[in-house]
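Read the structure below first, then the notes.
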């Protein structure tokens with residue numbers, strides 16, 4: 012189990028985010044849940060489609076010499092509970108759960124949209140994901156192509172039929188509380204993948220029960236929103252993920268082959284980690300997800316040729332690099348320094364092996380330099396490429412941690428990450444430059 016306190020705050024700066032500094036009283040936040048291959052598959056009973064939102068405007072009133080604050084919510088409970096089983100009652104088109112969830116995100120985005128220059132934005136996105144995969148059900152495609160059933164292996168956890176279920180989703184709408192002569196706004200989402208447990212916010216204290224919660228709070232008219240995250244695995248659900256994402260306001264986001272809605276229009280945030288998850292947990296400081304085809308063309312939703320590219324900075328100091336001179340299959344073929352100098356992974360004197368945890372190539376790449384390990388072909392609807400990096404001096408110029416332990420437990424820090432410039436320096440496969 013780990014806990015995170017994350018706040019985006021700071022002084023004046025140019026922001027690539029719709030709500031710079033998270034300082035607006037009028038919050039826009041949503042939540043989504045995915046299975047192993049970033050789809051819904053089947054909705055949890057009585058939960059609706061796993062997309063919900065908490066978005067509101069604020070009315071400030073003066074009444075009897077006292078300031079009154081009213082939150083005007085833009086998404087009602089019946090809208091948050093829309094799903095394939097309920098949509099007919101509201102004269103909406105019922106689709107399969109995957110397509111309905113994509114439609115619902117656009118619907119909630121329209122309800123939450125904030126008009127801005129140069130373009131509108133919608134909401135921060137909380138993302139949940141379970142890594143359980145039923146190989147006998149063959150739900151997840153293999154590198155974008157429909158898969159065939161195969162025997163369950165240790166690579167993919169699954170306790171049997173139904174192991175890929177969506178979690179329960181409960182919602183405490185944001186309200187205003189009077190605390191110590193201050194007006195505090197607070198709300199939350201929470202739930203569990205263990206659907207046999209009763210609805211209770213104390214789920215986190217039950218033994219061997221999965222649990223997640225995200226709570227946000229802010230003083231009216233002062234400071235920034237503070238997000239508090241909790242994620243707990245169980246024996247039935249040993250592989251879980253919890254993100255706070257800033258997705259694209261239009262178009263395709265990494266790992267997802269439908270239109271998304273979000274905030275992204277230099278990313279700055281404060282991170283205070285309370286508990287870690289041990290040496291096997293991967294705690295991301297930042298995960299950059301992008302999508303383009305191996306020939307360089309932009310993604311268009313064709314899962315057989317689109318490729319999702321992930322770059323993840325892992326700051327858990329207990330994680331050791333797998334990339335080594337005698338394990339080149341774990342390294343990207345090249346490293347590019349900030350001055351543009353490029354070195355091959357066989358250059359033992361210059362290649363920064365300790366800067367990389369691992370590299371995984373896209374499964375549909377035709378001209379890969381060997382040795383190489385392909386990415387897991389099932390955990391996205393399309394092929395994927397993964398580059399995981401670790402704190403190292405080579406990343407310092409981009410604002411990232413340079414040493415193990417920086418920003419970890421007991422060392423809260425404010426980061427200003429030049430993710431755009433870093434992404435230009437990272438290696439990703441491109442077919443045109445690899446044809447023999």
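Numbering (our numbering), first residue to last: 12 to 447.
Backbone N, C-alpha and C define an ideal beta-carbon position, used for all residues, glycine too.
In this text the structure is predicted, and so the values were computed from the model without any measurement.
So residue i and residue j are supposed to be a Cβ contact under 8 angstroms. How far apart are they, rounded?
i, j, result
"residue 389", "residue 151", "4 angstroms"
"residue 200", "residue 156", "About 34 angstroms; that fails the 8 angstroms criterion."
"residue 149", "residue 140", "Actually they are not in contact, since the Cβ atoms of residue 149 and residue 140 sit about 19 angstroms apart, beyond 8 angstroms."
"residue 302", "residue 319", "5 angstroms"
"residue 70", "residue 83", "6 angstroms"
"residue 375", "residue 308", "In fact, because the Cβ distance is near 14 angstroms, the residues do not count as touching under 8 angstroms."
"residue 399", "residue 437", "11 angstroms between Cβ atoms; not a contact."
"residue 406", "residue 328", "That pair is no contact at about 15 angstroms."
"residue 248", "residue 143", "6 angstroms"
"residue 35", "residue 115", "Wrong, their Cβ atoms sit about 24 angstroms apart, outside the cutoff."
"residue 242", "residue 255", "Actually they do not touch by this definition, with Cβ atoms about 12 angstroms apart."
"residue 290", "residue 330", "7 angstroms"
"residue 382", "residue 339", "6 angstroms"
Does DSSP classify residue i as helix, strand or coil?
i, result
"residue 89", "helix"
"residue 120", "helix"
"residue 190", "strand"
"residue 108", "helix"
"residue 299", "strand"
"residue 55", "coil"
"residue 180", "coil"
"residue 435", "helix"
"residue 333", "coil"
"residue 38", "coil"
"residue 429", "coil"
"residue 33", "helix"
"residue 47", "coil"
"residue 293", "coil"
"residue 341", "helix"
"residue 78", "strand"
"residue 286", "strand"
"residue 276", "With a pLDDT of 49 at residue 276, under the threshold of 50, the modelled position of that residue is not reliable, and no figure is offered here."
"residue 440", "coil"
Hey, out of the options, whose CA is closest to residue i's CA?
i, options, result
"residue 380", "356, 392, 398", "356"
"residue 337", "176, 148, 330, 365", "365"
"residue 219", "210, 281, 204, 200", "204"
"residue 56", "65, 95, 79, 240", "95"
"residue 117", "43, 165, 154", "43"
"residue 33", "438, 115, 134", "134"
"residue 231", "440, 399, 239, 78", "78"
"residue 235", "288, 38, 80, 363", "38"
"residue 65", "58, 107, 119, 112", "119"
"residue 49", "217, 91, 229, 110", "110"
"residue 424", "431, 432, 433, 412", "412"
"residue 80", "335, 183, 195, 222", "195"
"residue 189", "169, 228, 54", "228"
"residue 404", "59, 417, 377, 198", "417"
"residue 182", "166, 317, 224", "224"
"residue 346", "325, 361, 340, 207", "361"
"residue 202", "128, 283, 226", "226"
"residue 167", "387, 180, 245, 430", "387"
"residue 288", "253, 163, 279, 130", "253"
"residue 198", "41, 422, 427", "41"
"residue 285", "131, 421, 108", "421"
Using the Cβ count rule (16 or more neighbours within 10 Å means buried), how would you classify residue i?
i, result
"residue 393", "buried"
"residue 298", "buried"
"residue 300", "buried"
"residue 296", "buried"
"residue 145", "buried"
"residue 87", "exposed"
"residue 440", "buried"
"residue 244", "buried"
"residue 127", "exposed"
"residue 178", "buried"
"residue 351", "exposed"
"residue 435", "exposed"
"residue 165", "exposed"
"residue 45", "buried"
"residue 311", "exposed"
"residue 24", "Because residue 24 sits at a pLDDT of 38, beneath the cut-off of 50, its placement in the model cannot be relied upon, and the point is left open."
"residue 147", "exposed"
"residue 279", "buried"
"residue 240", "buried"
Mind listing, in chain order, the continuous beta strand (DSSP E) runs of no fewer than 3 residues lying wholly within the region 119-172?
-> 135-141
Output the residue ranges of the alpha helix (DSSP H) runs that lie fully inside the region 187-257 and measure 4 residues or longer, sorted by chain position.
-> none
For the region 360-416, which segments carrying the beta strand (DSSP E) assignment without a break, of at least 3 residues, lie completely within its bounds, in sequence order?
-> 367-371, 395-400
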